[in-house]
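Residue numbers (this note's numbering): 1 to 295.
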């Protein structure tokens, strides 16, 4: 694999994490209920993804959906389940609990990729994953991290779903996964429409929800599913952990919030970033060959 291709994958996955990290900042300014937020997020994300495919692929859109296969449907189910479970989990446990359990995703993805795809599990990659896990653990350690059985179970489901989706994107790198993320967004529309009150949203909230769905989720999905095809699954999900570090920074520096994340959050964030840099530099040196994706 040429370094330029690897660098492209790293940049896109890291970009997805940065985009996703703005979610908390946006939601803090929305007054709608959770299921209504889910509905409009799904609407704007699916429209964004459809527009992206229309511009890029034209009349081939239907063929892309038909060609998804079991791998693409699996990715759609994983992302849809993770997004839905996140909303429900927040009603039964804290964000700290969800973040800590989700931080184990790199370990799960690395093991799955090793067992299923035969990707090498070097000591550097394993150590970087453990360092990142410790970093996120430190980040949330000064917050209340309790919850009932359902909340913890759903948090584990989010972690497993994200890890599996990453490995599936890697395993079926010849399949365009944008249609899969579009299907997962339509899942949010159906569930949010049934349980929320979409008609109650207007004005500023609707604008914020557009940013939440079109930019934070839609563009994030495009960046992640494209970049994850170019780099090892463990590295992709490791880079995605930057979301957990950047999220508290946005609400800290935002003029109207000024929510200092705490000393432990800063220390933990430094560890995660160090782990990402360490692992990425190691991958640069190895320069493994991976077939380029089908354009």
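Glycine included, each C-beta is placed from N, C-alpha and C at the ideal position.
Beta-carbon separation (whole angstroms), residue i vs residue j, contact threshold 8 Å
i: residue 42; j: residue 212; result: Contact doesn't hold; Cβ gap of about 10 Å is too wide.
i: residue 172; j: residue 105; result: Their Cβ separation, rounded to whole angstroms, is 19 Å, which puts residue 172 and residue 105 out of contact at 8 Å.
i: residue 267; j: residue 152; result: About 25 Å separates the two Cβ atoms, so there is no contact after all.
i: residue 178; j: residue 52; result: 7 Å
i: residue 99; j: residue 250; result: Residue 99 to residue 250, Cβ: 15 Å. No contact.
Cβ shell of residue i (< 7 Å), same chain only, five flanking positions each side left out
i: residue 157; result: 81, 85
i: residue 210; result: 44
Sequence-distant residues of the same chain with beta carbon closer than 6 Å to residue i, five excluded per side
i: residue 227; result: 9, 12, 13
i: residue 243; result: 17, 20, 21
i: residue 45; result: 185, 213, 217, 218
i: residue 183; result: 76
i: residue 148; result: 92
i: residue 127; result: none
i: residue 108; result: 163
i: residue 236; result: 13, 166, 228
i: residue 232; result: 119
Buried/exposed call for residue i, threshold 16 Cβ in 10 Å
i: residue 20; result: buried
i: residue 70; result: exposed
i: residue 91; result: exposed
i: residue 200; result: exposed
i: residue 222; result: buried
i: residue 63; result: exposed
i: residue 269; result: buried
i: residue 194; result: exposed
i: residue 159; result: buried
i: residue 6; result: buried
Distance between residue j and residue i (C-alpha atoms, nearest Å)
i: residue 72; j: residue 55; result: 21 Å
i: residue 112; j: residue 166; result: 10 Å
i: residue 36; j: residue 217; result: 16 Å
i: residue 48; j: residue 220; result: 11 Å
i: residue 74; j: residue 170; result: 12 Å
Same chain, Cβ closer than 8 Å to residue i, five either side skipped, listed in chain order
i: residue 192; result: 35, 36, 37, 38, 39, 40, 41, 42, 198
i: residue 116; result: 167, 171
i: residue 132; result: 103, 106, 238, 241, 271, 272, 275, 276
Below-8 Å beta-carbon distance, residue i vs any chain D residue
i: residue 255; result: Of the chains in the structure shown, none is chain D; there is only one protein chain.
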